[in-house]
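Counting in my numbering, the first sequence runs from 1026 upward without gaps. C-beta atoms are modelled at their ideal positions from N, C-alpha and C, and glycine is treated no differently.
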Amino acid sequence: MNAGPRPKLHVLTGCTGVGKTEWALRWAEENDAEIVSCDSLLVYRGMDIGTAKPTAAELARVPHHLIDVADVSERYDVTRYTAAALSAVRDILARRRRVLVAGGSGFYLKAYFGAVADEIESVPGLREKIEARLEREGVEALVVELSRLNPAGLGALDTRNPRRVVRALERCLATGRPLVELASEFKMRPGAFHGYDVELTELAREPVVLAKRMEQRIGVMLAAGLVEEVARLDRAGLRANPSAACAIGYRETLDHLDGKLPASELAAAILANTRALARKQRTWFRTQLPAHRVIDAEKFANAAELFGPVS
RNA sequence: GGUGGGUUAUCCAAGUGGCUAAAGGAUGUUGACUGUAAAUCAAUCGGGCUCCGCCCUUCGAUGGUUCGAAUCCAUCACCCACCA
């Protein structure tokens, strides 16, 4: 294969509201880089205010990828993301520019460090059939079925998590092979970016400081017309897409539009869920991503310090 | 001023004499994670310990009845409703 040094990828992450956007822009400007977003919701057109998507002015400062590439009613997932990101990365490098991956979607981020989904073709209609059965008979029935198909055991499957059980059964039925076998095979899979040298930095802030920033940001979002944005997206089919409709800021606003949440409680509800998200992100970064440098955003002032010296 | 209703742990809210540190929910905390991932799921959630058990402090306040009270009685405080 090619003998030269592996191409380098810089990845900047951090939980929601730490201030990734501005630092990413600065670093990209100083290092002749383009930004590949790593965010499961910025991919959707029209989800702007509630996702704190970079503004038009910010997007104009540096070329961005993987933002506004799907309709809210359209389904997006890690597999799609990974393929699109890989091709964006190749294009950027072919242009002899650097790549800065920026974003806080943990699962998507993991794609840069290893395999994140297998390539088992989904059989048309199978998933729906399993989900219908889940609805009728409950998870237990699916677990029984799975156990029947897997005399060697279910491995590390979380049998109480309906979503996982459905996927596991889907994989078994689609391939006719046992879970443990599929799992060990999966472990062997190289990630989509295995040929790259990936450097990861996490931007962090004290929880108290972060909470204050979140609160301010939510106020700004509401003033900027979050409710109107959500109402507009609702008409465009937002609810048909569970992942977009469940986005923080959006789900609470939908509840509000449905009369289930008074306007006076909207900001507080969004804040609580945002904090919960940040906590989950921290856990993910710590436990699911490789050891990496963590930088306190309050304590440095130079984008060059984000990563090791760029050669 | 009168009558009735209420005051339970971070919040909401069950519980009307022992099986109650006290149901349930939310929040919080910790964690899991192969294609919905800002999702889904789990554990924990008064305090302390030598932590499959033990000790301490809780159910507005004080005092009482009882072998035993968040649960019964009295007084006080605050809140709500209706009547003056």
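Could you tell me if residue i is buried or exposed, where buried requires 16 or more neighbouring beta carbons within 10 angstroms of its beta carbon?
i       : result
GLN1313 : exposed
GLY1029 : exposed
PRO1315 : exposed
PHE1325 : exposed
LEU1125 : buried
TYR1106 : buried
SER1065 : buried
PRO1079 : buried
ASN1186 : exposed
LYS1135 : buried
SER1336 : Annotation note: pLDDT 41 at SER1336 (below 50); position unreliable, no value reported.
Give the DSSP-derived three-state secondary structure of residue i in the structure shown.
i       : result
ALA1140 : coil
GLY1331 : Per the sequence shown, the amino acid found at residue 1331 is Leu instead of Gly. Note: LEU1331 maps to helix in three-state DSSP.
SER1336 : At SER1336 the pLDDT is 41, less than 50, meaning the model places this residue with poor confidence; the figure from the coordinates comes in the next sentence. It is coil, neither helix nor strand.
ALA1229 : strand
LYS1337 : Any property of residue 1337 remains undetermined from this structure, which presents the chain solely from 1026 to 1336.
Can you list, in chain order, the residues of its chain with a C-beta nearer than 7 angstroms to that of residue i? Leave out the 5 residues immediately preceding and following it.
i       : result
CYS1040 : GLY1129, ALA1303, GLN1306, ARG1307
MET1239 : GLY1042, LEU1296, THR1299, ARG1300
ALA1177 : PRO1203, VAL1205
Apart from the five residues on each side of it in sequence, which residues of its chain come closer than 6 angstroms, Cβ to Cβ, to residue i?
i       : result
VAL1094 : VAL1068
ALA1199 : ILE1145, VAL1148
From the options, pick the residue whose C-alpha is nearest to that of residue i; which is it?
i       : options                            : result
ARG1115 : ALA1270, ARG1070, LEU1034, VAL1169 : LEU1034
LEU1296 : SER1098, ARG1264, PRO1267, LEU1247 : LEU1247
SER1209 : PRO1267, ILE1320, GLY1180, LEU1263 : GLY1180
LEU1159 : ARG1260, ALA1261, ALA1193, SER1147 : ALA1193
GLU1170 : VAL1234, SER1147, CYS1197          : CYS1197
ARG1230 : LEU1037, GLY1044, ARG1031          : GLY1044
THR1104 : TRP1309, ALA1292, ALA1142          : ALA1142
VAL1097 : ILE1320, CYS1271, LEU1263          : LEU1263
VAL1148 : GLY1201, GLY1220, LEU1331          : GLY1201
VAL1255 : VAL1233, THR1299, HIS1281, MET1239 : HIS1281
Using 8 angstroms as the threshold, is the C-beta distance between residue i and residue j below it?
i       : j       : result
LEU1151 : ASN1175 : no
ARG1086 : LEU1037 : no
GLY1075 : TYR1275 : yes
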